[in-house]
Amino acid sequence: MSKANKAPTNFEDALAELEQIVEGMENNTLTLEESLKAYERGVFLARVCQEKLDAANQQVLVLQKNLLQPLNNDGEDEEDIKQVNSTVNVDDSDEDGIDDVDTPPLFAPQKPKKSKVSAPVGGDLGNLDDDIPF
Numbered sequence: 001m002s003k004a005n006k007a008p009t010n011f012e013d014a015l016a017e018l019e020q021i022v023e024g025m026e027n028n029t030l031t032l033e034e035s036l037k038a039y040e041r042g043v044f045l046a047r048v049c050q051e052k053l054d055a056a057n058q059q060v061l062v063l064q065k066n067l068l069q070p071l072n073n074d075g076e077d078e079e080d081i082k083q084v085n086s087t088v089n090v091d092d093s094d095e096d097g098i099d100d101v102d103t104p105p106l107f108a109p110q111k112p113k114k115s116k117v118s119a120p121v122g123g124d125l126g127n128l129d130d131d132i133p134f
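First residue of the sequence shown? That's 1 in UniProt numbering, and the numbers climb one at a time after it.
Shown next as C-alpha cells:
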C-alpha cells in the first residue's frame with residue numbers, strides 16, 4: 001500500500017504529516033504535479049483528522065451522558081438507595097399526591113446571621129460610641 005493511501009494510526013501523526021504538507025506547499029518548492037499529489041494527500045489526512053476528532057467527541061458525549069444516568073440497575077446500589085430514602089421523612093397524607101419532605105434541599109440558601117449589635121429603638125445613633133469598650 002502506498003503512502004498516499006495509508007492512513008496514520010493516530011490523530012497526532014496525521015496532523016503532523018498534514019502540517020508538513022501545508023508547509024511544503026507554502027514554500028513553493030513543489031512542482032505542479034507534486035503539489036497536486038500533496039494536496040490530494042492533505043485532503044485525505046484532513047478527513048482522517050476530522051474522523052478521529054468526531055470519534056473522540058462522540059466518546060466524550062457518551063461519557064457525559066453516562067455521568068447523568070442513575071446508578072446501575074443490577075441491584076447492587078438498590079440497598080444504598082433504600083437506606084437514603086429511609087432517612088428522609090416523607091409525609092404521604094397529603095391529598096395533592098405530592099410527597100412533602102421534611103429535610104431541606106442539599107443546596108438551600110443559608111439565612112443571613114443576625115447581627116449582635118442593634119440600633120437604639122428611637123433611631124438615635126449618636127450615643128453608640130459610649131457603648132464601645134475601647
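Using N, Cα and C, we set each Cβ at its ideal position, and we do this for glycine too.
Predicted model only: the values in this text are computed from it and were never measured.
Output yes or no for whether 8 Å exceeds the beta carbon distance between residue i and residue j.
i, j, result
"P8", "E17", "yes"
"L30", "G24", "yes"
"F11", "K37", "no"
"G42", "V60", "no"
Kindly indicate the opening and closing residues of the alpha helix (DSSP H) around residue i.
i, result
"L68", "Taken as a continuous stretch (DSSP letters only), L68 belongs to no alpha helix (DSSP H), as it is neither H nor E."
"L18", "F11 to E26"
Taking buried to mean at least 16 other C-beta atoms within 10 Å of its own C-beta, is residue i buried or exposed?
i, result
"A14", "buried"
Review point. If we count Cβ pairs, one from each stretch, closer than 8 Å, do we get three or more for the segment 33-53 versus the segment 61-68?
Key: no
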